[in-house]
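At position 8 of the sequence shown the residue is numbered 76 (the working numbering), and the sequence of numbers has no breaks.
Positions of the beta carbon are idealized from the N, C-alpha and C atoms, including for glycine.
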Amino acid sequence: MAIDSVGASAATNLQSSSLGMEDFLKILLTQLTYQDPLKPMDNQQFMAQMAQFTNLQQTQQLNDSIKTLITNQAALQSVGLIGKTVDINTQSGTASGTVSALSLSGEAPMITVRTSTGATLTDISLSQIISVR
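Below you can see the structure in the form of C-alpha cells.
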C-alpha cells in the first residue's frame, strides 16, 4: 500500500494568491471614504459587497478547517503504521524496516524506522514511504 504525502499537496493547494480579508476591508473603507456625497453608494451595491465579505470569511474558515482535517488525517494515518514493515526512500537509496516510533511534535508526523540491519532511521516523513507490508 503506497502512501502519498496528502498534507504537503493539500497545503500547497490551499495557499491562494487572491485578496485577503484585510485587503477587502481596506478597499471597502476606501470606497466609503472617498465616495461622492451627492451620489452615495447604492444600497444594493453595498449589500452585495457585504455578502462577498461574508463569503470570503466563510471560505477562510472552511480552509482553516480543511487544514486541521488534513493534519489530523496524517496523524491518524501515521499511528496505523506503528509495528508495520515499510519500504522508504532515503538519501542513500531504498531501505526497509519496521516503524518503531512516531513523532507528532512538528507540522507533519515523522516516523522512526528500525531496519533489518539494526540501524535506526529517524525523522522519516510520510512522503518517503514507498510501501507498507
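I need the straight-line Cα distance from residue i to residue j, nearest angstrom please.
| i | j | result |
| --- | --- | --- |
| T190 | P177 | 12 Å |
| L159 | S171 | The residue asked about is misnamed: residue 159 is Gln in this sequence, not Leu. Straight-line Cα distance between these residues: approximately 20 Å. |
| L100 | F92 | 12 Å |
| M115 | L97 | 14 Å |
| R182 | V167 | 6 Å |
| Q145 | N131 | 21 Å |
| Q117 | Q126 | 14 Å |
Apply the 10 Å Cβ neighbour rule to residue i and answer buried if 16 or more other Cβ atoms are within range, or exposed otherwise.
| i | result |
| --- | --- |
| L194 | buried |
| V147 | exposed |
| Q103 | exposed |
| A119 | exposed |
| Q196 | buried |
| L149 | buried |
Which one or two residues does DSSP pair with residue i in a beta bridge?
| i | result |
| --- | --- |
| D155 | S164, S199 |
| A187 | Looking at the DSSP assignment, A187 forms no beta bridge with any residue, so it has no partner. |
| I192 | I179 |
| S171 | M178 |
Starting from residue i and walking both ways along the alpha helix (DSSP H), at which residues does that stretch end?
| i | result |
| --- | --- |
| D132 | 111 to 147 |
| I95 | 89 to 101 |
Only counting the same chain, and skipping five residues up and downstream in sequence, which positions put a Cβ closer than 6 Å to that of residue i?
| i | result |
| --- | --- |
| T153 | T166, R201 |
Using a Cβ-Cβ cut-off of 8 Å (strictly less than) and excluding sequence neighbours within five positions of residue i, which residues of its own chain qualify?
| i | result |
| --- | --- |
| F121 | M89, F92, L93, L96 |
| T188 | S168, T180, V181, R182 |
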